[in-house]
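Only one structure is covered here, and it is reproduced in the block below.
Numbering (our numbering), first residue to last: 14 to 185.
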């Protein structure tokens, strides 16, 4: 038997919190990944959800841990502060990036109380007209998390659901 790592504990709580919303009918889980990267010995867990199947926007919560954090925890390095990184990705579509992206950033800043760093990555399929841009919005928190942050997960998932609601209502 092994002691679960910070990553394992956070993953279980995060997954449970998202599945609770799915069971309540507030979201629908559309994809889940649990990956081990053997080249870097890192682990990543991602869970994607939407408000409803027919809604265009989706959210993905990513939990990642590097080998250095796993090793520091397992070897009980007293000087290290092991933890995981958590990012939220929102996926929507925009037709006029110059106007819509600025508005998206402002509104998400309000929903998330200006805490995470917000970046937007646009892409489109060449040769398809009219051009519709796929917007991947990444919310980064700029710090590691550990078990002391578990109580924040219901709020974090709630903010993600609120973000999806706003993106869907704006017609993304």
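Idealized CB from N, CA, C, for every residue including glycine.
Cβ separation of residue i and residue j, assumed to be a contact under 8 Å, to the nearest whole Å
i	j	result
residue 74	residue 101	6 Å
residue 69	residue 159	No, residue 69 and residue 159 are not in contact; Cβ-Cβ is about 35 Å, not under 8 Å.
residue 57	residue 77	5 Å
residue 110	residue 146	6 Å
residue 133	residue 118	7 Å
Beta-carbon proximity list for residue i, same chain, < 6 Å, skipping 5 on both sides
i	result
residue 44	61
residue 173	72, 101
residue 105	70, 148, 180, 185
residue 49	56
Of the listed residues the options, nearest to residue i (C-alpha basis)
i	options	result
residue 126	168, 47, 22	168
residue 157	137, 99, 146, 108	99
residue 141	117, 162, 108	108
residue 176	63, 80, 143	63
residue 155	131, 137, 143, 124	131
residue 128	106, 145, 113, 151	151
residue 37	183, 88, 163, 171	171
residue 46	121, 110, 28	28
residue 21	67, 54, 97, 123	97
residue 23	163, 32, 89	163
residue 178	53, 124, 161	124
Per DSSP, cross-strand counterpart(s) of residue i
i	result
residue 133	150
residue 62	42, 72
residue 97	158
residue 104	71, 149
residue 55	50
Own chain partners of residue i with C-beta closer than 8 Å, once the 5 adjacent residues on each side are dropped
i	result
residue 30	166, 167, 170
Chain B within 9 Å of residue i, Cβ atoms only
i	result
residue 99	The question asks about chain B, but that chain is absent: this structure has only one protein chain.
Contact set for residue i: own chain, Cβ-Cβ below 7 Å, skip 5 residues either direction
i	result
residue 190	There is no way to answer for residue 190, as the model of the chain reaches only from 14 to 185.
residue 86	18, 19, 95
residue 144	137
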